[in-house]
Amino acid sequence: MPSGKTKAMMEIRAMAALLQRIHMMKLPDEVKDKLWTLTAYFNSLKDLGKASTLVEDDVKDFIIRTANRLFTSRRLIVSADELTSRVTTTELNETLDKLEKLEYSRINMNNKRYASNVLLATNMISVGIDVARLNVMLLVGQPKLTSEYIQASSRVGRSYPGVAFVQYDATKSRDRSHYERFRAYHESFYRFVEPTGATPFSKPARERALHAVVTAMLSLCPLSIRPIRPAPVRTRPSPAVARGVVL
675 MPSGKTKAMM EIRAMAALLQ RIHMMKLPDE VKDKLWTLTA YFNSLKDLGK
725 ASTLVEDDVK DFIIRTANRL FTSRRLIVSA DELTSRVTTT ELNETLDKLE
775 KLEYSRINMN NKRYASNVLL ATNMISVGID VARLNVMLLV GQPKLTSEYI
825 QASSRVGRSY PGVAFVQYDA TKSRDRSHYE RFRAYHESFY RFVEPTGATP
875 FSKPARERAL HAVVTAMLSL CPLSIRPIRP APVRTRPSPA VARGVVL
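If you're matching positions, the sequence shown starts at 675 in the numbering used here and goes up one per residue.
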């Protein structure tokens, strides 16, 4: 959570630091390739659009400054890819192919396909995306639902060890609350999952719950519908029986 810095500045520094540090790590190429793509998760398209502009300019500039300060080579970032509803289906398929089908061969130079450096995503990535190379994630802001948070963060580390970072917004009370009880929340966040609603009279809802509702209605329906059964007649016990019970 930033202290004394704006949210945009922390996004720039966090993304630039992760991208450049992975580039500087002394690891085999096979291992470094598993950490090469940085996935940034946003709660809204508005925040994602701002981050896309930051990647094009400010993140690249901060990477250059970091590399110059550490006297090392800088990582080249061309542009960021998106998995959102604002891109076309063709672009989505191209991005998924770019994540899954790579070609580094120096022999077939014309068909060379490099990995994505930065992947910007919203809740579209929460369900149905299972890519082995997504192992580093930055969640910008606490998602609105705990179930969404679990689903989004579980997109990394599917086949290899992964890591997820959370950047909280100090101006939001909900983010501050999650920051203050970070450990307790993550040790038992499954009990914070919100109950899901059911669409009225949909087929799955009818199949799951209609029989219970009908049974409850029949047990509570008025006497005009239920068959009338006379109540058993209770008689007063004789004095002899009463004395026997008391004794």
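C-beta: ideal position from N, C-alpha, C; glycine also.
{"Item": "Just how far apart, CA to CA, sit H860 and T796?", "Value": "21 Å"}
{"Item": "Take the Cβ of S779 as the centre, count every other Cβ of all protein chains shown within 10 Å, and call the residue buried at 16 or more, exposed below.", "Value": "Only weak support is given to the placement of S779: the predicted model assigns it a pLDDT of 48, under 50, and the question is left unresolved by the model."}
{"Item": "Inspect the CB distances between the stretch 809-828 and the stretch 737-746 and report whether three or more fall short of 8 Å.", "Value": "no"}
{"Item": "Ordered along the chain, which non-local residues of its own chain (more than five positions away) have a Cβ less than 8 Å from that of S800?", "Value": "E822, Q825, A826 and R829"}
{"Item": "By DSSP's criteria, Y715 is part of a beta bridge. Which residues make up the other side?", "Value": "A795 and L813"}
{"Item": "Mapping the DSSP letters down to three states, classify A806 as helix, strand or coil.", "Value": "coil"}
{"Item": "Based on the DSSP output, what are the partners of F839 in its beta bridges?", "Value": "L812"}
{"Item": "Could you give the distance in angstroms between the alpha-carbon of E704 and the alpha-carbon of W710?", "Value": "10 Å"}
{"Item": "From which residue to which residue does the beta strand (DSSP E) around D755 run?", "Value": "A754 to L757"}
{"Item": "Quick check on N809: buried or exposed, where buried means 16 or more other Cβ atoms within 10 Å of its Cβ?", "Value": "buried"}
{"Item": "Taking Cβ positions, are D849 and R832 nearer each other than 8 Å?", "Value": "no"}
{"Item": "Need the endpoints of the alpha helix (DSSP H) that F736 sits in, please.", "Value": "K734 to L744"}
{"Item": "Rounding to the nearest angstrom, what Cα-Cα distance links Y853 and I737 in this structure?", "Value": "27 Å"}
{"Item": "Taking all protein chains shown into account, do 16 or more other C-beta atoms lie within 10 angstroms of the C-beta of T680, making it buried, or fewer, making it exposed?", "Value": "exposed"}
{"Item": "How many angstroms separate the CA atom of N782 from the CA atom of E730?", "Value": "Only weak support is given to the placement of N782: the predicted model assigns it a pLDDT of 49, under 50, and the value that follows is read from those uncertain coordinates. Each residue's alpha carbon lies about 29 Å from the other."}
{"Item": "When the distance is taken between beta carbons, is Y842 closer than 8 Å to A806?", "Value": "no"}
{"Item": "Measure the C-alpha to C-alpha separation of S726 and K877 and round it to an integer number of angstroms.", "Value": "41 Å"}
{"Item": "Please classify T713 as buried or exposed, where buried requires at least 16 other C-beta atoms within 10 Å of its C-beta.", "Value": "buried"}
{"Item": "Report yes if the C-beta distance between L812 and A691 is below 8 Å; otherwise report no.", "Value": "no"}
{"Item": "Leaving out five residues on either side along the sequence, give the residues of the same chain with a beta carbon under 6 Å from the beta carbon of D732.", "Value": "I686"}
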